[in-house]
Amino acid sequence: MEVDYTVVEYDLSMENFSAEAVANELGLPAGQVFKTLCARSNTGACIFAVVPGGSELDLKKLARVAGFKKVELVAVRDVDQLTGYQRGSVTVMAAKKRFPVFVDDSVHAWGTIAVSAGLKGLQVMLSPDDYVRVTGATVAAIARPH
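Start counting the sequence shown at 4; every next residue gets the next number (the numbering used here).
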């Protein structure tokens with residue numbers, strides 16, 4: 004599968020690696036930088052939720068679109084074991100395990116988005132359509148403003 008992308012490097016404090024801080028470092032609006040979160044359903048199934056900076060995941064909306072009664076964020080201590088990535092560097096594109104992916108519908112507001120490349124200090128810039136295609140994501144309204 005051919006995808007046009009750019010990897011960008013940035014220097015960021017290891018304590019502050021929020022999507023908003025990454026966006027500021029890259030000179031992008033916060034909403035153009037998407038953070039990848041890992042959630043677990045009431046049945047124990049894990050799912051990825053990808054939401055823009057400047058917003059937070061709406062767990063009720065995610066549960067509804069994913070077909071679960073309830074979802075909650077995975078504990079920080081479990082993120083590495085489940086995804087193969089530390090908090091702040093989680094990416095769907097090369098995760099240790101394949102989980103269903105849900106991306107906020109604001110993704111289509113941009114010509115290019117930034118997502119983690121799997122290491123703090125690296126982001127991948129690519130088109131929203133390519134991201135959705137590569138990850139097999141379901142696009143839905145799953146975020147709400149901070």
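Beta carbons are placed, not taken as given, at the ideal position from N, Cα and C, and that holds for glycine.
Note on geometry: alpha-carbon atoms of V10 and K99 lie some 20 Å from one another. When secondary structure is reduced to three states using DSSP, R101 falls in the coil class, being assigned neither helix nor strand. For K73, no alpha helix (DSSP H) run applies, since DSSP gives it neither H nor E. Residue pairing for M96: DSSP places it in no beta bridge. For L40, the uninterrupted beta strand (DSSP E) run begins and ends at F37 to S44, by DSSP.
The bridge partners DSSP lists for I116 are L129. Around the CB of R43, 16 or more other CB atoms lie within 10 Å, so the residue is classed as buried. With fewer than 16 neighbouring CB atoms inside 10 Å of its own CB, P148 falls in the exposed class. In this structure, DSSP gives L29 a helical state, which the three-state scheme calls helix. Taking 9 Å as the cut-off, the Cβ atoms of V53 and F37 count as close.
Inter-segment contact for the region 131 to 142 and the region 75 to 87 is absent: fewer than three beta-carbon pairs are separated by less than 8 Å. The alpha-carbon of N19 is positioned some 14 Å away from that of L125.
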